[in-house]
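Chemist:
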Amino acid sequence: MSAAATALTGKSAERFRFWDSPIGKKAVMAATGFILFGFVTGHMLGNLQIYLGPEKLDAYAEFLQQTKGLLWGARITLLICVALHVTAAIQLALLQKKARPQAYVKKTSAGSSYASRTMYWSGPILLAFIVFHLLHFTTGQAHPDFQHGAVYRNVVTGFQSAPASLFYIVAMLLLGAHLYHGIWSMFQSVGINHPKYTPVFKKLAALMAAVLVGGNVSIPVAVMTGLIR
Ligand code: HEM
């Protein structure tokens, strides 16, 4: 426990103890991860309106821009969630390192899936993706021909660049691996671990991640193949 926490009593000390414990950090990761997953799902459903044509997508984007309370509420919530999720992840990694200062001579994969081993490097790459994504489609500095409010046009011209589309596709596959393990860890954090139901939940996590990857990847692919122009 930190020095500050020992100086505290009652409820605030309990709160410190919760945050300081690995269980507390895992709970914070699960809760913030759940909110971020909700955003990514809603964002994908919104983006899929691209298949309904420019009027639909641009009207949806215009509605979001006009609904300032919703827009800023979502932005602030996302920022807080990302900050807590990343802080808890780094602190958990440091705690694990402290508990086992000597690294394994040979890393074995027993009990840890490919997705779980990718968590700590897919996370930073996803953060880099989000920064690029905001400069690409929200502020336009990383876009070759950005026009404010012309969301459909910005997405189509943005994905006509093969390197940009490829970067999105790779980032979405990483997001899928990250989500698969994240959703699965979340089930475990809330105590869902049963010999009968565990395989079902694993399949459910894989299905949810696959739907998200498929929906998102379909957009750059549709632009690159000329389905959306
Ligand atoms: C192919 C997949 C994606 C497409 C086509 C896409 C498209 C867009 C577009 C067009 C905007 C700008 C909307 C506007 O200005 O009204 C935007 C904003 C945003 N996107 Fe995505 N997005 C994708 C995936 C993602 C993913 C995976 C994440 C998160 C991990 C994400 C996070 C965001 C955020 C945080 C914003 C800023 C919202 C705001 O504050 O205005 N996007 N996206």
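Numbers given in my numbering equal positions in the sequence shown, counted from 1, plus 1.
Virtual Cβ for every residue (Gly too), placed ideally from N, Cα, C.
1) If you draw a straight line from the C-alpha of N217 to the C-alpha of A129, how long is it?
2) For ligand 1, is there any heavy atom lying closer than 7 Å to the beta carbon of H44?
3) State yes or no: is the C-beta of V152 nearer than 7 Å to some heavy atom of ligand 1?
4) Quick one: give me the first and last residue of the alpha helix (DSSP H) that A75 is part of.
5) For ligand 1, any of its heavy atoms closer than 7 Å to the Cβ of Y181?
6) Excluding the 5 residues flanking Y153 on each side, which residues of the same chain have their C-beta closer than 8 Å to its C-beta?
7) Between the C-alpha atoms of L85 and A163, what's the straight-line distance to the nearest angstrom?
8) Leaving out the 5 sequence neighbours to the left and right, which residues in its chain are closer than 8 Å to F168 when beta-carbon positions are compared?
9) For G159 versus H182, is the C-beta spacing smaller than 8 Å?
10) Is the beta carbon of F38 within less than 7 Å of some heavy atom of ligand 1?
11) Pick from V224, V157 and L174: whose alpha carbon is nearest that of G215?
12) Output the distance between the C-alpha atoms of S190 and G25, rounded to the nearest integer angstrom.
13) How would you write the range of the alpha helix (DSSP H) that L167 sits in, first residue to last?
14) Is it the case that the CB of I220 approaches a heavy atom of ligand 1 more closely than 7 Å?
15) CB of A210 to nearest heavy atom of ligand 2: below 7 Å?
16) Which word fits P145, buried or exposed, when buried means at least 16 other C-beta atoms lie within 10 angstroms of its C-beta?
17) Could you give the DSSP three-state label for H195: helix, strand or coil?
18) Identify whether Q50 lies in helix, strand or coil by the three-state DSSP scheme.
19) Give the straight-line distance between the Cα atoms of G39 and M45, rounded to the nearest whole angstrom.
20) Closer than 7 Å to a non-hydrogen atom of ligand 1 - does that hold for the CB of N48?
Modeler: Looking at the coordinates:
1) Mapped onto the sequence shown, residue 217 falls at position 216. Mapped onto the sequence shown, residue 129 falls at position 128. Roughly 17 Å separates the two Cα atoms.
2) Along the sequence shown, one-based indexing puts residue 44 at 43. Look at H44: its beta carbon is less than 7 Å from one of the heavy atoms in ligand 1.
3) Numbered from its first residue, the sequence shown carries residue 152 at position 151. Yes, the Cβ of V152 comes within 7 Å of a heavy atom of ligand 1.
4) On the sequence shown, position 74 is the one that residue 75 refers to. Note, A75: alpha helix (DSSP H), K69 to A100.
5) Residue numbering aside, residue 181 sits at position 180 when the sequence shown is read from its first letter. No, Cβ of Y181 sits at least 7 Å from all heavy atoms of ligand 1.
6) Start at 1 with the first residue of the sequence shown, and residue 153 comes out as number 152. Closer than 8 Å at the Cβ level, and outside the excluded window around Y153, lie I51, G54, P55, L58 and D59.
7) For the purposes of this step, residue 85 is taken as residue 84 along the sequence shown, with counting starting at 1. For the purposes of this step, residue 163 is taken as residue 162 along the sequence shown, with counting starting at 1. Cα to Cα, L85 sits roughly 34 Å from A163.
8) As a first step, residue 168 must be located in the sequence shown, where it is residue number 167. Once the five neighbours on either side are set aside, the close Cβ partners of F168 are F130 and F133.
9) Position 158 of the sequence shown, counted from the first residue, corresponds to residue 159. Position 181 of the sequence shown, counted from the first residue, corresponds to residue 182. No, the Cβ-Cβ distance between G159 and H182 is not below 8 Å.
10) By one-based count along the sequence shown, residue 38 stands at place 37. Result no, Cβ not under 7 Å from ligand 1.
11) Numbered from its first residue, the sequence shown carries residue 215 at position 214. Taking only the C-alpha atoms, the option nearest G215 is L174.
12) One-based indexing of the sequence shown puts residue 190 at position 189. One-based indexing of the sequence shown puts residue 25 at position 24. Approximately 10 Å between the Cα atoms of the pair.
13) Position 166 of the sequence shown holds residue 167. For L167, the enclosing alpha helix (DSSP H) stretches over residues A163 to S190.
14) By 1-based counting over the sequence shown, the position of residue 220 is 219. Yes, Cβ of I220 sits closer than 7 Å to a heavy atom of ligand 1.
15) The ligand content of the structure shown is limited to ligand 1, which means ligand 2 is not among them.
16) Within the sequence shown, the letter at position 144 stands for residue 145. By the neighbour-count rule (16 or more Cβ atoms within 10 Å), P145 is not buried but exposed.
17) Along the sequence shown, read from residue 1 onward, the residue named residue 195 stands at position 194. The answer is coil: DSSP assigns H195 none of H, G, I, E or B.
18) Taking the first residue of the sequence shown as 1, we reach residue 50 at position 49. Reduced to three states, the DSSP call for Q50 is helix.
19) Locating residue 39 in the sequence shown gives position 38, where the first residue counts as 1. Locating residue 45 in the sequence shown gives position 44, where the first residue counts as 1. Inter-residue distance for G39 and M45 is about 10 Å (C-alpha atoms, whole angstroms).
20) Against the sequence shown, residue 48 aligns to sequence position 47. Yes; taking the cut-off as 7 Å, the Cβ of N48 has a heavy atom of ligand 1 nearer than that.
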